[in-house]
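Peer 1: Quick mapping for you: the protein sequence lines, in order, are chains A and B. For the first sequence, the numbering used here assigns the number 167 to the last residue and increments by one with no breaks. For the second sequence, the numbering used here assigns the number 1068 to the last residue and increments by one with no breaks. Cβ coordinates follow ideal geometry from the N, Cα and C atoms, glycine included.
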Amino acid sequence: MVKSLKLNKKGESGFEPAKKSIFWIFAGILITLLILAFVMVVVSYTNDLTSVPPKLKAELISLRFTNSPECFAYQDKETGRVYPGVIDLDKFSSDQLDQVCYSPDKKTGHYTYNFAFELENQPGKIIKTNNYFYHDEFTLSREVLVKDKSLFTKDVLKIYVQIKVP
Amino acid sequence: MNKKAASLIMILFEILVVILVTFGTMNVAYGYAKSDSILKVNVAEDLRMWVDTLSALPGDSVVEYPKNLSAYILSLDNKKVMVMRKDDPELKKAERQFILPVMFTAEGITEDAARVCLEKTKNRLFLRECRNEESNI
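1. Less than 8 Å between the C-beta atoms of T154 (chain A) and N122 (chain A), yes or no?
2. Take T1041 (chain B) as the anchor and find which of B:R1062, B:L1022, B:K1023 has the nearest alpha-carbon.
3. Please state whether the Cβ-Cβ distance between N973 (chain B) and A1045 (chain B) is less than 8 Å.
4. So is E71 (chain A) buried or exposed if we call it buried at 16+ other beta carbons inside 10 Å?
5. Among the candidates A:D77, A:K150, A:D91, A:I160, whose CA atom is the shortest distance from the CA of H136 (chain A)?
6. Can you give the beta carbon distance from Q100 (chain A) to V1033 (chain B), rounded, assuming they're within the 8 Å contact cut?
7. Does any residue of chain B have a CB that is nearer than 8 Å to the CB of T140 (chain A)?
8. Which of the three DSSP states is assigned to I940 (chain B) in this structure?
9. Tell me which residues share the same chain as K1017 (chain B) and place their Cβ nearer than 7 Å to its Cβ, disregarding the 5 neighbours each side in the sequence.
10. For chain A, is any of its Cβ atoms less than 8 Å away from the one on T956 (chain B)?
11. Short of 9 Å Cβ to Cβ, which residues in the segment 56-75 of chain A face chain B?
12. Taking only beta-carbon atoms, is V53 (chain A) less than 8 Å away from chain B?
13. For the beta strand (DSSP E) holding F118 (chain A), just list the boundary residues, first then last.
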């Protein structure tokens, strides 16, 4: 037979404040967590309002690789005319990327976009930016013409995009 | 103190806590709704994308931002673009970084400019107030 424990009046009056204290400890923790959760919801909402799709950012940054003579675009030496969408094979190198075209900071560059490039008709020849670590998020493709000496051939430029490596 | 008085004080204390928590969360929500931090971030992102696009294209161009930015100070240099109000603390400034090709330079600062233009001339990007003749660009 189980005997139920009953507190006498003195015991009960001593238990009341303790009960309240324990309640308010848990309530305090819960209220703090609720406020933190509320702030996180608001911050997350503002981040959603200001976010830009990574593919769009990558597309805009990668425009320079096929359109700018500082990167791979062919530029006629006599007339100075730039041919967007035409890749000069002489410029298609990691040195051109590092020295002129796109060079993230060597120490912190892994926090930003990095790229690797491959021409479909020249598999195996991959050139990459200085903080590219084969941690691709997605791949962009561009139809290009490739100028090799005086020969122009149709090709596809694959751009492997690495957004961030923590 | 008798039991009734103690429980009355506890009830008042609990009501006070509820009022304080409600006031606090309403304050946070109102602060976010009132602030223009989202607008500043969007302008900074737009300008960053403009810099990336213009530095990629051959030739010269001028583009105008399609919004009145007279309330803000915009600053552009070789590494970043910043959008802020005059008295903004560091935390409230919106800043976006970019990487320019090596031979490019970017500069410019606008204040109280209703119409802001980004101009590309050869390898130079310049943020300035739009001229009167540059309408409907």
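Peer 2: If we stick to the structure as given:
1. For the purposes of this step, residue 154 (chain A) is taken as residue 153 along the first sequence, with counting starting at 1. For the purposes of this step, residue 122 (chain A) is taken as residue 121 along the first sequence, with counting starting at 1. Contact: yes.
2. The count along the second sequence starts at 1 and reaches residue 1041 (chain B) at position 110. Out of B:R1062, B:L1022, B:K1023, the CA that lies nearest to the CA of T1041 (chain B) is found in B:R1062.
3. Within the second sequence, the letter at position 42 stands for residue 973 (chain B). Within the second sequence, the letter at position 114 stands for residue 1045 (chain B). Not a contact, by the Cβ cut-off of 8 Å.
4. Along the first sequence, read from residue 1 onward, the residue named residue 71 (chain A) stands at position 70. Under this definition E71 (chain A) is a buried residue.
5. Within the first sequence, the letter at position 135 stands for residue 136 (chain A). Considering only alpha carbons, the answer is A:I160.
6. Walking along the first sequence from the start, residue 100 (chain A) turns up at place 99. Walking along the second sequence from the start, residue 1033 (chain B) turns up at place 102. Confirmed, Cβ separation roughly 7 Å.
7. Residue numbering aside, residue 140 (chain A) sits at position 139 when the first sequence is read from its first letter. So no, T140 (chain A) is outside the interface.
8. As a first step, residue 940 (chain B) is located in the second sequence; it is residue number 9 there, counting from the start. Of the three classes helix, strand and coil, the one that applies to I940 (chain B) here is helix, per DSSP.
9. Your numbering for residue 1017 (chain B) matches position 86 in the second sequence. When the five nearest sequence neighbours on each side are left out, the beta carbons in the same chain lying within less than 7 Å of the beta carbon of K1017 (chain B) are those of I1004, in order along the chain.
10. Here the question's residue 956 (chain B) lines up with position 25 in the second sequence. Chain A contact via Cβ: present.
11. Of all residues in the segment 56-75 of chain A, L57, K58, L61, I62, S63, L64, R65, F66, T67, N68, S69, P70, E71, C72, A74 have a Cβ within less than 9 Å of some Cβ in chain B.
12. As a working mapping, residue 53 (chain A) is identified with position 52 in the first sequence. It does: the Cβ of V53 (chain A) has a partner Cβ on chain B nearer than 8 Å.
13. Your numbering for residue 118 (chain A) matches position 117 in the first sequence. Counting along the chain, the beta strand (DSSP E) containing F118 (chain A) begins and ends at 115-120.
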